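This report concerns only the one structure given below.
Protein chains in written order, with the working numbering: chain A, 119 to 319; chain B, 119 to 319.
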């Protein structure tokens, strides 16, 4: 059984837990205290020199990093990834959008506020980070106003990647009330078979 | 023939030009002045609501955004992308590393310095951005000290993605002299058949 090197409050880790649950693939979880340097210890850096969770460790010890690369690895040849060349590239388009234009703003602001680590340097960056987060939500809202899911009219790992931090954006003060299409999409994602919550009850 | 919505000094755009040259796929180029809002105009936002180049526009008008998603679209079923499931995920791992842990530091600092747009707010972020850029170079150096290319011992779109901003990191003040494995890899990339420079002579 593979091992997921994990953090319970990380949306990037939650993506992997959600996809594995929906694919019926069990894993062993190891929790890391990412607020206190657990992913910078030598034993962890041997698994991912970039010092970040999630890492999926396969039975032969092979370690794969980067949440969206892990999603792709799990989803190939399953219903969570379309088969057409353009559709597959479109899934990647939204996953790269998520990591470049969404996560550094919505997830980072959420982390600073939820974990109460907002020092003066971060405070100075807050207006720009919040504006960029809303810009990402605007792009999503526009797309979802005419589409039920991000790619090809069906649920895929593009939805999993974007759901992870969007559904908890309120923790960072982002007002989802102004985004009706996003809220309806969040409901559709939650209604998918095998859905599990970020923080299991 | 497809159209590449392009910017001559963008490493993200250069990735696409380089891959298309090596795959023998011609395109029409349209240049955008990204320093003066050309990608925020309504006509461009209709092609990419996220307001960024590159965008690859296909003959039927379909537009694909995000440089690394475009690379994947071009490279599937070619020598630029390995065929094994784990190797393909490993290519994505390095491409997500590039967009999350490398580009926001090395490319952004380069842009600020090269284009002389370093205001006080950016100046305050410079030490942290430079440190994060060097951390990304450290991860690359470690990997390349035992591997000729990023994945599976052969040249792929993972190398193209990371070459784009690494080879011009010096423009942002990053000292590549301290990274012998990276410099040897840059030479190997430049020696690939069909290589073209970022700024054509």
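Ideal Cβ positions, reconstructed from N, Cα and C, are used throughout, including at glycine.
Just so it is clear, the structure is predicted and the values come from calculations on it, not from any experiment.
Using 8 Å for Cβ pairs, my map puts residue 255(A) next to residue 292(A). What's the rounded Cβ distance? Translated into positions along the first chain, residue 255(A) becomes position 137. Translated into positions along the first chain, residue 292(A) becomes position 174. Indeed, because the Cβ distance is near 7 Å, the residues count as touching under 8 Å.
Give, in chain order, every unbroken run of the alpha helix (DSSP H) that is at least 4 residues long and sits entirely within the stretch 199-223 of chain B. The stretch 199-223 of chain B contains, as complete alpha helix (DSSP H) runs of 4+ residues, the segments 203-215 (chain order).
Comparing C-alpha positions only, which one of 136(A), 289(A), 270(A) sits nearest to residue 309(A)? Numbered from its first residue, the first chain carries residue 309(A) at position 191. Restricting attention to 136(A), 289(A), 270(A), the CA atom closest to the CA of residue 309(A) is found in 136(A).
Chain B contacts from the stretch 260-282 of chain A (Cβ-Cβ distance under 8 Å): The residues in question are 260, 261.
Quick one: give me the first and last residue of the alpha helix (DSSP H) that residue 259(B) is part of. For the purposes of this step, residue 259(B) is taken as residue 141 along the second chain, with counting starting at 1. Run containing residue 259(B): 238-262, per the alpha helix (DSSP H) assignment.
Do residue 249(A) and residue 290(A) have their C-beta atoms closer together than 9 Å? For the purposes of this step, residue 249(A) is taken as the residue at position 131 of the first chain. For the purposes of this step, residue 290(A) is taken as the residue at position 172 of the first chain. Not closer than 9 Å, so no.
Does chain A have any CB closer than 9 Å to the CB of residue 120(B)? Numbered from 1 along the second chain, position 2 holds the residue referred to as residue 120(B). No, residue 120(B) does not count as interfacial toward chain A.
Should residue 119(B) go down as buried or exposed, given a rule of 16 or more other Cβ atoms within 10 Å for buried? Along the second chain, one-based indexing puts residue 119(B) at 1. The residue is exposed, with fewer than 16 neighbouring Cβ atoms inside 10 Å.
Considering only their Cβ atoms, is the gap separating residue 172(B) from residue 185(B) smaller than 9 Å? The sequence position of residue 185(B) within the second chain is 67, counting from 1. The sequence position of residue 172(B) within the second chain is 54, counting from 1. Yes, the Cβ-Cβ distance between residue 185(B) and residue 172(B) is below 9 Å.
For residue 126(B), name the three-state secondary structure that DSSP assigns. Locating residue 126(B) in the second chain gives position 8, counting from the first residue. In this structure, residue 126(B) counts as coil in the three-state DSSP scheme.
Those residues which DSSP pairs with residue 121(B) across a bridge: In the second chain, counting from the first residue as 1, residue 121(B) sits at position 3. Paired residue(s): 146(B), 175(B).
Report the neighbours of residue 196(B) on chain A: residues whose CB is nearer than 9 Å to its CB, in chain order. For the purposes of this step, residue 196(B) is taken as the residue at position 78 of the second chain. By Cβ distance, chain A contributes nothing, its closest Cβ being about 12 Å from residue 196(B), past 9 Å.
Which whole-angstrom value describes the C-beta separation of residue 245(A) and residue 222(B), a residue pair presumed to lie in contact below a C-beta threshold of 8 Å? Here residue 245(A) refers to the residue found at position 127 when the first chain is read from its first residue. Here residue 222(B) refers to the residue found at position 104 when the second chain is read from its first residue. Actually they are not in contact, since the Cβ atoms of residue 245(A) and residue 222(B) sit about 18 Å apart, beyond 8 Å.
Could you have a look at residue 280(A) and say whether DSSP puts it in helix, strand or coil? By 1-based counting over the first chain, the position of residue 280(A) is 162. Three-state DSSP puts residue 280(A) in a helix.
Would you say the stretch 300-309 of chain B touches the stretch 261-272 of chain B, given that touching needs at least three Cβ pairs under 8 Å? Touching, yes.
With 9 Å as the C-beta to C-beta threshold (strictly closer), list the residues of the stretch 214-228 of chain B near chain A in chain order. For the stretch 214-228 of chain B, which is checked against every Cβ of chain A, the residues closer than 9 Å are 214, 215, 217, 218, 219, 221, 222.
Members of the stretch 142-163 of chain B that neighbour chain A once the beta carbon cut-off is set at 9 Å: Per Cβ criterion, the list is empty.
Take the Cβ of residue 320(A) as the centre, count every other Cβ of all protein chains shown within 10 Å, and call the residue buried at 16 or more, exposed below. This structure leaves residue 320(A) out entirely; chain A is present only between 119 and 319.
Out of 203(A), 312(A), 205(A), 140(A), which has the shortest C-alpha to C-alpha gap to residue 189(A)? Taking the first chain and counting its residues from 1, one reaches residue 189(A) at position 71. Considering only alpha carbons, the answer is 140(A).
Starting from the beta carbon of residue 167(B), find every residue of chain A whose beta carbon is closer than 9 Å, and list them in chain order. Here the question's residue 167(B) lines up with position 49 in the second chain. Per Cβ cutoff of 9 Å: 256, 257, 260, 261.
Of the choices 296(A), 274(A), 283(A), 144(A), whose alpha-carbon is the least far from that of residue 177(A)? Taking the first chain and counting its residues from 1, the one referred to as residue 177(A) is at position 59. With distances taken between Cα atoms, residue 177(A) lies closest to 144(A).
Could you tell me whether any Cβ in chain B is nearer than 9 Å to the Cβ of residue 128(A)? Your numbering for residue 128(A) matches position 10 in the first chain. Answer no: the Cβ-Cβ gap between residue 128(A) and chain B never drops below 9 Å.
Proximal residues of chain A, C-beta to C-beta of residue 301(B) below 9 Å: As a working mapping, residue 301(B) is identified with position 183 in the second chain. Here the premise fails: no neighbours, minimum Cβ distance about 19 Å.
Residue 212(A) to residue 130(A), Cα distance in whole Å? Walking along the first chain from the start, residue 212(A) turns up at place 94. Walking along the first chain from the start, residue 130(A) turns up at place 12. Cα to Cα, the separation comes out at about 15 Å.
Straight-line Cα distance separating residue 151(A) from residue 162(B): The residue given as residue 162(B) occupies position 44 in the second chain. The residue given as residue 151(A) occupies position 33 in the first chain. The alpha-carbon atoms of residue 162(B) and residue 151(A) are separated by roughly 43 Å.
First and last residue of the alpha helix (DSSP H) that includes residue 192(A)? Taking the first residue of the first chain as 1, we reach residue 192(A) at position 74. Per DSSP, residue 192(A) belongs to the alpha helix (DSSP H) from 185-193.
Kindly identify the DSSP beta-bridge partner or partners of residue 182(B). The sequence position of residue 182(B) within the second chain is 64, counting from 1. Paired residue(s): 174(B).
From which residue to which residue does the alpha helix (DSSP H) around residue 308(B) run? Here residue 308(B) refers to the residue found at position 190 of the second chain. Where residue 308(B) is concerned, the enclosing alpha helix (DSSP H) stretches over 298-308.
Taking DSSP as the reference, what is the three-state secondary structure of residue 269(A)? Within the first chain, the letter at position 151 stands for residue 269(A). Per DSSP, reduced to three states, the secondary structure at residue 269(A) is strand.
How long is the line joining the alpha carbons of residue 273(B) and residue 192(B), rounded to whole angstroms? Position 155 of the second chain holds residue 273(B). Position 74 of the second chain holds residue 192(B). So the two alpha carbons sit approximately 15 Å from each other.
Residue-chain proximity (residue 180(B), chain A), Cβ-Cβ < 9 Å: Residue 180(B) sits at position 62 when you count from the first residue of the second chain. By the rule that beta-carbons nearer than 9 Å mark a contact, residue 180(B) touches chain A.
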